[in-house]
Amino acid sequence: VENIASESDFKTLTQWLMANTKDLELTVLMAQLGLACKATSRACAKAGIAGLFGMYGSENSSGDEQKKLDVLSNDIFVNALVKSGSCCVLVSEENEEPIIVPEEVAGRFCVAFDPLDGSSNIDCNVSTGTIFAVYEKVSPGKLGTVKDILRTGNDIVAAGYCMYGAATELVMCFKAGKVERFALDPSLGEFVHTHSNVKIPEGGGKKIYSCNEGNSLNWDESIKSSIAFFKENKYAARYVGSMVSDVHRTILYGGCFIYPADKKSPKGKLRVLYEGFPMALIVEAVGGVASTGMFNGSIQRMLDLVPTDIHERCPVILGCPRDVEIVLSYYKKDA
Ligand code: AHM
Ligand code: MG
Numbered sequence: 007v008e009n010i011a012s013e014s015d016f017k018t019l020t021q022w023l024m025a026n027t028k029d030l031e032l033t034v035l036m037a038q039l040g041l042a043c044k045a046t047s048r049a050c051a052k053a054g055i056a057g058l059f060g061m062y063g064s065e066n067s068s069g070d071e072q073k074k075l076d077v078l079s080n081d082i083f084v085n086a087l088v089k090s091g092s093c094c095v096l097v098s099e100e101n102e103e104p105i106i107v108p109e110e111v112a113g114r115f116c117v118a119f120d121p122l123d124g125s126s127n128i129d130c131n132v133s134t135g136t137i138f139a140v141y142e143k144v145s146p147g148k149l150g151t152v153k154d155i156l157r158t159g160n161d162i163v164a165a166g167y168c169m170y171g172a173a174t175e176l177v178m179c180f181k182a183g184k185v186e187r188f189a190l191d192p193s194l195g196e197f198v199h200t201h202s203n204v205k206i207p208e209g210g211g212k213k214i215y216s217c218n219e220g221n222s223l224n225w226d227e228s229i230k231s232s233i234a235f236f237k238e239n240k241y242a243a244r245y246v247g248s249m250v251s252d253v254h255r256t257i258l259y260g261g262c263f264i265y266p267a268d269k270k271s272p273k274g275k276l277r278v279l280y281e282g283f284p285m286a287l288i289v290e291a292v293g294g295v296a297s298t299g300m301f302n303g304s305i306q307r308m309l310d311l312v313p314t315d316i317h318e319r320c321p322v323i324l325g326c327p328r329d330v331e332i333v334l335s336y337y338k339k340d341a
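Residue numbers for the sequence shown, in UniProt numbering: 7 to 341.
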């Protein structure tokens, strides 16, 4: 449902949250996530002027070298979430260990996030994004534990992403709910609600496949056959290299996004908790499919995975049912 805001009648993220969540603590948390997205958007927009491009000079949890904007955006999210009083455990791509929030300021929720995904695109001003998943604490007491967040994707209570592109857009969804779209109005400094109940195009939309074909020599036969099928059927190739942008396009235009396991990376590249799960939840909620493809001996629905490590990886095959089913059918045939 399109709901383009007029100059005199619009709904901000805070107004939308107050009208649509009965849970005050969750409202506070989502508003703080929105605030951190705005601060990150501001940092990306003025990076060239403020000297924020380039390396920071250290490595993150996965051994990737950190950029200045990786570190800054991580600080923005950690500070906003700890101060919100609504979180007990934070897992960030940029922190090797989970952050256990001190008891005095702890709340009910656990958040896994990648503060600035698409690092390779930062310095040349190509779109990046933030991805997040929210769980509700299950262990007793005020202090959270890592077990509160090492859970299947089916337990997620809210998930979303923010894209720092030509416009800054926030897309989010509460468990089993509708997917909502907000755009940052820079002059107002507020996220304004633009679309309700976002759906992937019926029938699959544009014929687009999205993957890093530079890895194709390492792919398994099923992925090779799938991409060959897409080419034979006149699909277009589109790959930004920022998961948020590639998934956002897939949701709005259709097609599929693939980051498979391959000979070099038998678990794939993307991380379960703060890349795979939140995107899988959103993609399913818009009517798409999110799978791992053949992984550990079977084809698995991504949200059914149970991570045992906070930085665990998984292969990702997601998008419209038309195209994901093609990939899965090759996996079934080759099994
Ligand atoms: P990052 O978290 O280090 O930025 O890596 C994640 C990104 C995703 O945004 C994107 O889908 C993928 O890595 C691109 O990887 P590649 O450069 O191998 O194609
Ligand atoms: Mg990432």
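Backbone N, C-alpha and C fix where the C-beta goes; we use that ideal spot for every residue, glycine too. These numbers come from a predicted model, not from an experiment.
Query raised in the report: Can you check whether the CB of Thr18 is closer than 8 Å to the CB of Phe197?
Result: Along the sequence shown, one-based indexing puts residue 197 at 191. Along the sequence shown, one-based indexing puts residue 18 at 12. In this structure, Thr18 lies closer than 8 Å to Phe197 by Cβ.
Requested in this report: Could you pull out every residue in the same chain whose Cβ sits closer than 6 Å to the Cβ of Ser216, ignoring the five residues on either side in sequence?
Outcome: Translated into positions along the sequence shown, residue 216 becomes position 210. Closer than 6 Å at Cβ, skipping near neighbours: Arg244, Tyr245, Asp252, Phe263.
Query raised in the report: Can you tell me the Cα-Cα spacing of Glu31 and Ser335, whole angstroms?
Result: Here residue 31 corresponds to residue number 25 of the sequence shown, with the count starting at 1. Here residue 335 corresponds to residue number 329 of the sequence shown, with the count starting at 1. For Glu31 and Ser335, the distance between alpha carbons rounds to 43 Å.
**Report entry** Heavy atom of ligand 1 within 7 Å of Met61 beta-carbon
**Finding:** Numbered from 1 along the sequence shown, position 55 holds the residue referred to as residue 61. False, no ligand heavy atom lies under 7 Å from that Cβ.
Query - Local conformation of His199 per DSSP, three classes - result: Start at 1 with the first residue of the sequence shown, and residue 199 comes out as number 193. The answer is strand: DSSP assigns His199 an E or B state.
Requested in this report: Determine the closest residue to Lys205 out of Gly261, Glu103, Gly54, Phe283, with distance taken between C-alpha atoms.
Outcome: As a first step, residue 205 is located in the sequence shown; it is residue number 199 there, counting from the start. Of Gly261, Glu103, Gly54, Phe283, the residue nearest in Cα terms is Gly261.
Query raised in the report: With a Cβ-Cβ cutoff of 8 Å, do Asp340 and Glu238 count as a contact?
Result: In the sequence shown, counting from the first residue as 1, residue 340 sits at position 334. In the sequence shown, counting from the first residue as 1, residue 238 sits at position 232. The answer is no: Cβ separation not under 8 Å.
Requested in this report: Kindly list the residues whose CB is nearer than 6 Å to the CB of Asp268, restricted to its own chain and excluding five residues on each side of it in sequence; keep chain order.
Outcome: Against the sequence shown, residue 268 aligns to sequence position 262. Taken in chain order, the residues that qualify are Asn221, Asn224, Trp225.
Report task. Classify Glu65 as helix, strand or coil using the three-state DSSP reduction. Result -> Your numbering for residue 65 matches position 59 in the sequence shown. Strand, per DSSP.
**Report entry** Rounded straight-line distance, which links the Cα of Arg319 to that of Gly274
**Finding:** Residue numbering aside, residue 274 sits at position 268 when the sequence shown is read from its first letter. Residue numbering aside, residue 319 sits at position 313 when the sequence shown is read from its first letter. Roughly 6 Å separates the two Cα atoms.
Requested in this report: Compute the minimum distance between the beta carbon of Ser193 and the heavy atoms of ligand 1, and state whether it is under 7 Å.
Outcome: Within the sequence shown, numbered from 1, the residue matching residue 193 stands at position 187. Ser193: no, Cβ never under 7 Å from ligand 1.
Query raised in the report: Can you give the Cα-Cα distance for Thr134 and Ala118, rounded to whole angstroms?
Result: Locating residue 134 in the sequence shown gives position 128, counting from the first residue. Locating residue 118 in the sequence shown gives position 112, counting from the first residue. Answer to the nearest angstrom: the Cα atoms are 17 Å apart.
Requested in this report: Name the two residues that bound the continuous alpha helix (DSSP H) containing Ile233.
Outcome: Here residue 233 corresponds to residue number 227 of the sequence shown, with the count starting at 1. Unbroken alpha helix (DSSP H) run through Ile233: 227-238.
Query raised in the report: Within the chosen definition, does the segment 79-95 reach the segment 39-47 through at least 3 CB pairs nearer than 8 Å?
Result: yes
Requested in this report: Could you tell me which residues DSSP pairs with Leu311 in its beta bridges?
Outcome: In the sequence shown, residue 311 corresponds to position 305, counting from 1. Note: Leu311 sits in no beta bridge, so no partner.
Query raised in the report: Whose C-beta lies closer than 8 Å to the C-beta of Lys240 among residues of the same chain, with five residues either side of it excluded?
Result: Position 234 of the sequence shown holds residue 240. Closer than 8 Å at the Cβ level, and outside the excluded window around Lys240, lie Lys213.
Query raised in the report: In chain order, which alpha helix (DSSP H) runs of at least 4 residues are fully inside the segment 271-307?
Result: 283-291
Requested in this report: Just the C-alpha distance for Phe283 and Val177, rounded to the nearest angstrom, thanks.
Outcome: For the purposes of this step, residue 283 is taken as residue 277 along the sequence shown, with counting starting at 1. For the purposes of this step, residue 177 is taken as residue 171 along the sequence shown, with counting starting at 1. Cα to Cα, the separation comes out at about 15 Å.
Query raised in the report: Roughly how many whole angstroms lie between the Cα atoms of Asn131 and Thr20?
Result: Here residue 131 refers to the residue found at position 125 when the sequence shown is read from its first residue. Here residue 20 refers to the residue found at position 14 when the sequence shown is read from its first residue. Each residue's Cα considered, the two are about 29 Å apart.
Query - Val140 (DSSP reduced to helix, strand or coil) - result: For the purposes of this step, residue 140 is taken as residue 134 along the sequence shown, with counting starting at 1. Reduced to three states, the DSSP call for Val140 is strand.
Report task. Would you check whether ligand 2 has a heavy atom nearer than 7 Å to the C-beta of Asp120? Result -> If you number the sequence shown from 1, residue 120 lands on position 114. At least one heavy atom of ligand 2 is nearer than 7 Å to the Cβ of Asp120, so yes.
Query raised in the report: Quick one: is the Cβ of Leu39 within less than 7 Å of any heavy atom of ligand 1?
Result: In the sequence shown, counting from the first residue as 1, residue 39 sits at position 33. No - ligand 1 has no heavy atom lying nearer than 7 Å to the Cβ of Leu39.
Query raised in the report: From Ile305 to Val330, what does the alpha carbon distance come to, in whole angstroms?
Result: Residue numbering aside, residue 305 sits at position 299 when the sequence shown is read from its first letter. Residue numbering aside, residue 330 sits at position 324 when the sequence shown is read from its first letter. Between Ile305 and Val330, the C-alpha separation is close to 12 Å.
Requested in this report: Quickly, what does DSSP pair Cys262 with across the bridge? List them, please.
Outcome: Position 256 of the sequence shown, counting from 1, holds the residue named residue 262. Bridge partners of Cys262: Tyr215, Gly325.
**Report entry** Validate contact between the segment 97-114 and the segment 135-150 using beta carbons, cut 8 Å, 3 pairs
**Finding:** yes
Query raised in the report: Apart from the five residues just before and just after Pro104, which ones in its own chain have a Cβ nearer than 8 Å to its Cβ?
Result: Counting from 1 along the sequence shown, the entry for residue 104 is found at position 98. For Pro104, where only same-chain residues beyond five positions count, the Cβ hits under 8 Å are Val95, Leu96, Val97, Val152, Ile155, Ile316.
Requested in this report: Would you mind sorting Lys73 into buried or exposed? The rule is 16 or more other CB atoms within 10 Å of its CB.
Outcome: Counting from one through the sequence shown, the residue named residue 73 turns up at place 67. Buried.
Query raised in the report: When DSSP labels each residue in this structure, what does Val204 get in the three-state scheme?
Result: Taking the first residue of the sequence shown as 1, we reach residue 204 at position 198. In the structure shown, Val204 sits in coil (DSSP, three-state: anything other than H, G, I, E or B).
Query - Backbone CA spacing between Gly113 and Lys148 [nearest angstrom] - result: Walking along the sequence shown from the start, residue 113 turns up at place 107. Walking along the sequence shown from the start, residue 148 turns up at place 142. Rounded to whole angstroms, Gly113 to Lys148 spans 7 Å at the Cα level.
Query raised in the report: Is Met249 near ligand 1, going by C-beta to nearest heavy atom under 7 Å?
Result: Translated into positions along the sequence shown, residue 249 becomes position 243. Within the cutoff, so yes.
Report task. Rounded to whole angstroms, what's the CA-CA distance from Lys89 to Leu324? Just pull it up for me. Result -> Stepping through the sequence shown from its first residue, residue 89 is reached at position 83. Stepping through the sequence shown from its first residue, residue 324 is reached at position 318. Rounded to whole angstroms, Lys89 to Leu324 spans 34 Å at the Cα level.
Query - Nearest residue (CA-CA) to Arg277, options Asp120, Glu65, Ala51, Ala56 - result: Along the sequence shown, read from residue 1 onward, the residue named residue 277 stands at position 271. It is Asp120 whose Cα lies nearest to the Cα of Arg277.
Query raised in the report: Name the DSSP bridge partner or partners of Leu58?
Result: In the sequence shown, the residue the question calls residue 58 occupies position 52. DSSP output for Leu58 lists no bridge partner at all.
Query raised in the report: Do the CB positions of Pro207 and Tyr259 come within less than 8 Å of each other?
Result: Residue numbering aside, residue 207 sits at position 201 when the sequence shown is read from its first letter. Residue numbering aside, residue 259 sits at position 253 when the sequence shown is read from its first letter. Cβ distance < 8 Å, so Pro207 and Tyr259 count as in contact.
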